[in-house]
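Asks: Chains as they are written, first to last, in the numbering used here: chain A, 1 to 338; chain B, 1001 to 1363.
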């Protein structure tokens, strides 16, 4: 596991997630001249979410620039640049707009190290604003993580807060492996204190709240919803885990929690069928079976294309829907035992 | 909107007239432009003779079951040798699965070239040692890697050029369009060499494009298009040399279409008689790239029969060494499957490596 040695140039303080990501990019560009940032509208405009605001002016058009509108081209050229010693950080403007790059990501970015017997390293970060809840029209709200986590050779991470976003992006840029960096766009404007050191190792999950009755597991925008659910769960002490690193998956931290609580609910926005939650539930069942008091529950988006903005509130996992799942975890059965 | 005044007129970007040809199929110089120096022509001839012997040996090894599959490049010697002979050591080659002769010409050990096709790993050589990317199987995807590497070299202040090889079929892929466009916008130092061999497996060119020439496609991107006789090594060498020189001196990318023919089927698993006639193959055999250059060199006393025999003998000796190496069973380590997926194996992979080790111990 690589550790980020470089400390931020100045105290970070309280930032929005978009601001924290901007600072992480600026500090990475400053710390390592091999880092460069490009994509659609990331230069002059500063990105449609302003994550790259001001970077082109500060670091110049050779290091932060607008590319032609071509996602396969962006990723394909990043592969070539990384082969020649650069560390590109590229942006896919929205989740569903990353799909034209699917072949470059899955057939080349993920496989070239293996194909070349370790001779070629591709330290490429692909930033993807993802997920719903912002009233976006079709193709602007997908959760695409299942495609990426199913591809060996990629690391897939997702920050849940500004505090984690800064350090997770620094760690991603520092990684010798390609990283799919999923940014929960509906948390872009949420503020939080950014600490002066990474809150957890790259590849580690984090226990954000301890409890003894049930473990809620999620990542990205859902983590905020899980914390609200924990507050709202009357009479139960709820443990909340932020997965952070989807691959590699931190089995040790998450299984330890579920062995302790004996109950777990896995939550994500993406459709449930063959979603990442299925993998988490299966792993926990294999690792925690004798500690479980109830089947692992999943609360996910329904198995349908992401809804239009006026209907999305019915699709997204809510506090109430998660509380309903918690209630079904056979607490009564346990009480009834002799 | 204003039109940038440095945009080159379309006419200047289009190829004009017949494909560039320096030596005619009968071995006579066309006189249309100066020939490369005699030493260069001798080098091209030697590389083609050795390349063809390698290729026929690989085909034979496939028939004996020693290779999983082999896509022969017989007939395309002038393209593969012309392109690689024009490159400097510091330049990068981005080959496809049909470019084994180009890779041998680049100096890669033939055994390592055939690792992918034998099936003991996906790539057998160190890409950095030969500045040759891993052989690319998904069509046209390598063109974007070439553009990225070339642009990175330029950003680093190097004068390295990338040469991307692709076929006629690959020009229909979206990545080719994106690569030409991005290379033009960035003025990346890349030469795109399309080996138009007439067929994408079985599909002929007229089902692939309505363009007059594939080289015409450059104009839409602001990239000069060059059309050459792909069975004339002197013409391919000259065109690629010019493209590399333009790229190296900041002139941006070039699209070269070389008209050639795939003499063998797509691979050993293909039956070309289902989609093309033997008459057509015979016509192209009469335009053989080696015969043409050899005749020119012999007629002009640049080469003699004894030297030809010497090169052929060297080809035989190399083929014998290749046979011996390929007839020895590959030494495989199943544990290596887990080693290169990530910079360091993940806990998941370590567990799976242990599982396989346990299974093998019990077997």
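Each residue gets a CB set at the ideal place from its N, CA and C atoms; glycine is no exception. Remember, predicted model here, so these are calculated numbers, not experimental data.
What number of angstroms, rounded off, separates the C-alpha of residue 290 of chain A from the C-alpha of residue 317 of chain A?
Replies: To locate residue 290 of chain A, count along the first chain from 1; it is residue 290. To locate residue 317 of chain A, count along the first chain from 1; it is residue 317. Cα to Cα, residue 290 of chain A sits roughly 28 Å from residue 317 of chain A.
Asks: By Cβ distance below 8 Å, which residues in the same chain neighbour residue 1194 of chain B in space, the five residues on each side in sequence not counted?
Replies: Here residue 1194 of chain B is taken as the residue at index 194 of the second chain, counted from 1. Within the same chain, residue 1194 of chain B has close Cβ partners 1166, 1167, 1168, 1170, 1171, 1214, 1215, 1255, 1256, 1257 and 1258.
Asks: Does DSSP put residue 97 of chain A in a helix, a strand or coil?
Replies: Taking the first residue of the first chain as position 1, residue 97 of chain A is located at position 97. Residue 97 of chain A falls in the helix class under three-state DSSP.
Asks: Counting only beta-carbon atoms, is residue 68 of chain A nearer than 8 Å to chain E?
Replies: Reference to chain E is not applicable here, since the protein chains of this structure are A and B.
Asks: Please determine, among A:43, A:16 and A:159, the residue with the shortest C-alpha to C-alpha distance to residue 346 of chain A.
Replies: The question about residue 346 of chain A has no answer, for chain A in this structure spans 1 to 338.
Asks: Beta-carbon within less than 7 Å of residue 1357 of chain B's beta-carbon, same chain only, minus the 5 sequence neighbours each way: which residues are those?
Replies: The residue given as residue 1357 of chain B occupies position 357 in the second chain. The residues are 1335.
Asks: Thinking just about the alpha-carbon of each residue, which of A:321, A:242 and A:203 is nearest to the one in residue 180 of chain A?
Replies: For the purposes of this step, residue 180 of chain A is taken as the residue at position 180 of the first chain. Cα-wise, what sits closest to residue 180 of chain A is A:203.
Asks: Determine the DSSP secondary structure at residue 270 of chain A, reduced to helix, strand or coil.
Replies: As a first step, residue 270 of chain A is located in the first chain; it is residue number 270 there, counting from the start. If DSSP states are grouped into helix, strand and coil, residue 270 of chain A belongs with the strands.
Asks: According to DSSP, is residue 48 of chain A part of a helix, a strand, or is it coil?
Replies: In the first chain, counting from the first residue as 1, residue 48 of chain A sits at position 48. Correct three-state label for residue 48 of chain A: coil.
Asks: Please list the terminal residues of the continuous beta strand (DSSP E) segment that includes residue 245 of chain A.
Replies: Position 245 of the first chain, counted from the start, is the residue given in the question as residue 245 of chain A. First-last of the beta strand (DSSP E) with residue 245 of chain A: 245 to 247.
Asks: Have a look at B:1186, B:1173, B:1064 and B:1291 and flag the residue whose alpha-carbon is nearest the alpha-carbon of residue 1324 of chain B.
Replies: As a first step, residue 1324 of chain B must be located in the second chain, where it is residue number 324. Ranking the options by Cα distance to residue 1324 of chain B, first place goes to B:1064.
Asks: Just the chain B side, please: which residues come within less than 7 Å of residue 103 of chain A by C-beta, in chain order?
Replies: Along the first chain, read from residue 1 onward, the residue named residue 103 of chain A stands at position 103. Simply 1138 and 1141.
Asks: Less than 8 Å separating the beta-carbons of residue 1227 of chain B and residue 1054 of chain B?
Replies: Position 227 of the second chain, counted from the start, is the residue given in the question as residue 1227 of chain B. Position 54 of the second chain, counted from the start, is the residue given in the question as residue 1054 of chain B. Cβ distance not < 8 Å, so residue 1227 of chain B and residue 1054 of chain B don't count as in contact.
Asks: Straight-line CA distance for residue 1266 of chain B to residue 1101 of chain B?
Replies: In the second chain, residue 1266 of chain B corresponds to position 266, counting from 1. In the second chain, residue 1101 of chain B corresponds to position 101, counting from 1. Between residue 1266 of chain B and residue 1101 of chain B, the C-alpha separation is close to 15 Å.
Asks: Residue 187 of chain A versus chain B: which residues are under 9 Å apart at the beta carbon?
Replies: For the purposes of this step, residue 187 of chain A is taken as the residue at position 187 of the first chain. None at all; the shortest Cβ gap to chain B is about 27 Å.
Asks: On the CB-based measure, 16 or more other CB atoms within 10 Å of its CB, does residue 1039 of chain B come out buried or exposed?
Replies: As a working note, residue 1039 of chain B is residue 39 in the second chain. Classification for residue 1039 of chain B: exposed.
Asks: Of all the options B:1012, B:1272, B:1301 and B:1293, which has the alpha carbon lying nearest to the alpha carbon of residue 1229 of chain B?
Replies: Taking the first residue of the second chain as 1, we reach residue 1229 of chain B at position 229. Measuring from the Cα of residue 1229 of chain B, the nearest candidate turns out to be B:1293.
Asks: Can you pull the chain B neighbours of residue 260 of chain A, defined as C-beta to C-beta under 8 Å?
Replies: Counting from 1 along the first chain, the entry for residue 260 of chain A is found at position 260. Those within 8 Å of residue 260 of chain A in chain B number zero; the least Cβ separation is about 20 Å.
Asks: Cβ of residue 1254 of chain B less than 8 Å from any chain A Cβ?
Replies: In the second chain, the residue the question calls residue 1254 of chain B occupies position 254. Not closer than 8 Å to any Cβ of chain A, the Cβ of residue 1254 of chain B fails to qualify, so no.
Asks: Going along the chain, which residues of the segment 152 to 186 of chain A sit with their C-beta nearer than 7 Å to a C-beta in chain B?
Replies: Going along the segment 152 to 186 of chain A in chain order, one finds 152, 153, 176 and 177 with a Cβ nearer than 7 Å to chain B.
Asks: Examine the Cβ distances between the segment 1131 to 1145 of chain B and the segment 33 to 41 of chain A and report whether three or more of them are shorter than 8 Å.
Replies: Flag = no, the segment 1131 to 1145 of chain B and the segment 33 to 41 of chain A do not touch.
Asks: By Cβ distance, which residues of its chain are closer than 7 Å to residue 1049 of chain B, with the 5 residues on each side in sequence left out?
Replies: Within the second chain, residue 1049 of chain B is the residue found at index 49, counting from 1. Closer than 7 Å at the Cβ level, and outside the excluded window around residue 1049 of chain B, lie 1290, 1311, 1312 and 1315.
Asks: Can you tell me where the beta strand (DSSP E) holding residue 1186 of chain B begins and where it ends?
Replies: Taking the first residue of the second chain as position 1, residue 1186 of chain B is located at position 186. Not the beta strand (DSSP E): residue 1186 of chain B falls in the alpha helix (DSSP H), residues 1174 to 1186.
Asks: Would you kindly work out how many angstroms separate the C-alpha atoms of residue 1260 of chain B and residue 1089 of chain B, rounded to a whole number?
Replies: Indexing the second chain from 1 puts residue 1260 of chain B at position 260. Indexing the second chain from 1 puts residue 1089 of chain B at position 89. Rounded to whole angstroms, residue 1260 of chain B to residue 1089 of chain B spans 26 Å at the Cα level.
Asks: Considering only their Cβ atoms, is the gap separating residue 228 of chain A from residue 89 of chain A smaller than 8 Å?
Replies: Residue 89 of chain A sits at position 89 when you count from the first residue of the first chain. Residue 228 of chain A sits at position 228 when you count from the first residue of the first chain. No; because the gap between Cβ atoms is not below 8 Å, this pair is not in contact.
Asks: Shorter than 8 Å from the beta carbon of residue 1213 of chain B to some beta carbon of chain A?
Replies: Position 213 of the second chain, counted from the start, is the residue given in the question as residue 1213 of chain B. With 8 Å as the cut-off, residue 1213 of chain B does not count as an interface residue toward chain A.
Asks: Using only the alpha-carbon positions, how far apart do residue 1200 of chain B and residue 1058 of chain B sit?
Replies: The residue you call residue 1200 of chain B lines up with position 200 of the second chain. The residue you call residue 1058 of chain B lines up with position 58 of the second chain. Residue 1200 of chain B and residue 1058 of chain B: Cα-Cα distance of roughly 21 Å.
Asks: What is the DSSP secondary structure of residue 338 of chain A, counted as helix, strand or coil?
Replies: Here residue 338 of chain A refers to the residue found at position 338 of the first chain. Legend: pLDDT at residue 338 of chain A = 49, less than 50; position of this residue unreliable, value from coordinates given subsequently. It is coil, neither helix nor strand.
Asks: Are there three or more Cβ pairs, one per stretch, closer than 8 Å when the segment 1177 to 1187 of chain B is compared with the segment 1109 to 1127 of chain B?
Replies: The answer is no - the segment 1109 to 1127 of chain B does not touch the segment 1177 to 1187 of chain B, with fewer than three Cβ pairs under 8 Å.
Asks: Determine the direct distance from the alpha carbon of residue 57 of chain A to that of residue 327 of chain A, and round the result to whole angstroms.
Replies: Counted from its first residue, the first chain places residue 327 of chain A at position 327. Counted from its first residue, the first chain places residue 57 of chain A at position 57. Approximately 53 Å between the Cα atoms of the pair.
Asks: Does the beta carbon of residue 1354 of chain B come closer than 8 Å to any beta carbon on chain A?
Replies: To locate residue 1354 of chain B, count along the second chain from 1; it is residue 354. With 8 Å as the cut-off, residue 1354 of chain B does not count as an interface residue toward chain A.
Asks: What do you reckon, are the CB atoms on residue 1042 of chain B and residue 1302 of chain B nearer than 8 Å?
Replies: If you number the second chain from 1, residue 1042 of chain B lands on position 42. If you number the second chain from 1, residue 1302 of chain B lands on position 302. Contact flag set, yes.
Asks: I'd like to check one pair, residue 71 of chain A with residue 101 of chain A: are the Cβ atoms closer than 8 Å?
Replies: For the purposes of this step, residue 101 of chain A is taken as the residue at position 101 of the first chain. For the purposes of this step, residue 71 of chain A is taken as the residue at position 71 of the first chain. A contact, by the Cβ cut-off of 8 Å.
Asks: Below 8 Å on the Cβ atoms is my guess for residue 1275 of chain B versus residue 1027 of chain B; work out the distance and round it to an integer in Å.
Replies: Walking along the second chain from the start, residue 1275 of chain B turns up at place 275. Walking along the second chain from the start, residue 1027 of chain B turns up at place 27. The pair is not a contact, with the Cβ atoms about 31 Å apart (cut-off 8 Å).
Asks: Are residue 221 of chain A and residue 184 of chain A touching if we call contact CB-CB under 8 Å?
Replies: Residue 221 of chain A sits at position 221 when you count from the first residue of the first chain. Residue 184 of chain A sits at position 184 when you count from the first residue of the first chain. The answer is yes: Cβ separation under 8 Å.
Asks: May I ask which residues mark the beginning and end of the beta strand (DSSP E) holding residue 1228 of chain B?
Replies: Locating residue 1228 of chain B in the second chain gives position 228, where the first residue counts as 1. Segment 1225 to 1229, the beta strand (DSSP E) holding residue 1228 of chain B.
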